[in-house]
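Peer 1: Residue numbers (my numbering): 4 to 118.
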Amino acid sequence: QVQLVESGGDLAQPGGSLRLSCTASGSRFGIGAMGWYRQGPGKERELVATITSAGSTNYADSVKGRFTISRDNAKNTVYLQMNSLKPEDTAVYYCKATIKYNIYWGQGTQVTVSS
4 QVQLVESGGD
14 LAQPGGSLRL
24 SCTASGSRFG
34 IGAMGWYRQG
44 PGKERELVAT
54 ITSAGSTNYA
64 DSVKGRFTIS
74 RDNAKNTVYL
84 QMNSLKPEDT
94 AVYYCKATIK
104 YNIYWGQGTQ
114 VTVSS
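(1) Using the beta-carbon count (16 or more within 10 Å), is G109 buried or exposed?
(2) Rounding to the nearest angstrom, what Cα-Cα distance links N105 and E47 in this structure?
(3) With a threshold of 16 other CB atoms inside 10 Å of the CB of E49, please say whether the residue is buried or exposed.
(4) Under 8 angstroms between the Cβ atoms of V116 and P90?
(5) Using the rule of at least 16 other Cβ atoms within 10 Å of the residue's Cβ for burial, across every protein chain shown, is T120 buried or exposed?
(6) Would you tell me roughly how many angstroms separate the C-alpha atoms of Q6 and D92, rounded to the nearest one?
(7) Which complete beta strand (DSSP E) runs does the region 77–109 hold, if anything under 3 residues is left out?
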């Protein structure tokens, strides 16, 4: 059974940085695209960033220039480096992975940006 486990969520001050990690386990197949999504209070879940198995990336306009997505295929892990954090980045961040045409989600990790 495939599982995605996120970590790294925390309380950060505006202008600060956090690094999220998400590791996939239990798959017999290679992992395709991976990504980060977030859901803020009273909002719908939205795309933050995605990365293909070849390393091509895509970002939401709201995080371009501040967030960087990367992955380590040998570790089945995707990262999200978040810099210059803003209060509006406060949300539960979810990891998503596509494996053999199936989509898997992590349980989410809370990021709170506040002074």
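The C-beta atom is built at its ideal place from N, Cα and C for all residues, glycine as well.
Peer 2: With the given structure in hand:
(1) Flag for G109 reads buried.
(2) In a straight line, the C-alpha of N105 is about 22 angstroms away from that of E47.
(3) Burial call: exposed.
(4) In contact: V116 and P90 (Cβ atoms closer than 8 angstroms).
(5) Any answer about residue 120 is impossible in this case: the structure gives the chain only from 4 up to 118.
(6) So the alpha carbons of these two residues sit roughly 25 angstroms apart.
(7) Counting only runs of 3 or more, we get 80–85, 94–102, 105–108.
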